[in-house]
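Colleague: The structure is given below, and queries will be raised subsequently.
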Amino acid sequence: MIEKTGLSFIQAPVTAPSPKPSAEIGADGVAKSFGNFLSDAIQKLEGQQMEVETLTKQFAVGDLPDVHRLTIAAEKAALGLEFTVKVRDKAIEAYQEIMRMQI
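Numbers in the numbering used here are just positions in the sequence shown, counted from 1, shifted up by 47.
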């Protein structure tokens, strides 16, 4: 017999996280926060690329017994780079659209 699974996580009310009070309220604070977010994301992408390089060197030498790790890491890095390029393109497109607005 198949057991009935509970969906209690769906029935729980979803609440939005409350904003943290910050001294940096306004456009300047938002810009700094967004800049930090982008910087962290690029550092993580760079870390993925470095991991792929390390695994590739291990594979070339013959020290990597599990080739799947290299394949998965390479695919993660490729997807991360593709996502970053798409976000960059969208940001440039949004900037260009704002610059075309007439005041």
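A virtual CB, placed ideally from N, CA and C, is assigned to each residue, including glycine.
Report all residues from its chain with a CB closer than 7 Å to the CB of L117; omit the five preceding and five following residues, and keep chain order.
Modeller: In the sequence shown, counting from the first residue as 1, residue 117 sits at position 70. Here the set comprises L102, T103, F106, L111.
Colleague: Contact check, G127 vs Q95 under 8 Å by CB: the rounded distance?
Modeller: Position 80 of the sequence shown, counted from the start, is the residue given in the question as residue 127. Position 48 of the sequence shown, counted from the start, is the residue given in the question as residue 95. With a Cβ gap of about 6 Å, G127 and Q95 count as contacting.
Colleague: Give every residue of the same chain whose Cβ lies closer than 7 Å to the Cβ of A124, excluding the five residues on either side of it in the sequence, and list them in chain order.
Modeller: Residue numbering aside, residue 124 sits at position 77 when the sequence shown is read from its first letter. Cβ neighbours of A124 within its own chain (closer than 7 Å, five residues either side excluded): Q95, Q96, V99.
Colleague: From V134 to V114, what distance separates their C-alpha atoms?
Modeller: Within the sequence shown, numbered from 1, the residue matching residue 134 stands at position 87. Within the sequence shown, numbered from 1, the residue matching residue 114 stands at position 67. C-alpha separation (whole angstroms): 30 Å.
Colleague: Starting from the Cα of L85, find the closest Cα among F130, E144, G109, M146 and give me that residue.
Modeller: Within the sequence shown, the letter at position 38 stands for residue 85. Nearest of F130, E144, G109, M146 to L85, Cα basis: F130.
Colleague: Which same chain residues, not among the five before or five after A121, have their C-beta less than 6 Å away from its C-beta?
Modeller: As a first step, residue 121 is located in the sequence shown; it is residue number 74 there, counting from the start. These residues qualify, in order along the chain: V99.
Colleague: Where do the N-terminal and C-terminal ends of the alpha helix (DSSP H) with L111 fall, by residue?
Modeller: Locating residue 111 in the sequence shown gives position 64, where the first residue counts as 1. L111 -> no alpha helix (DSSP H), and no H or E assigned at all.
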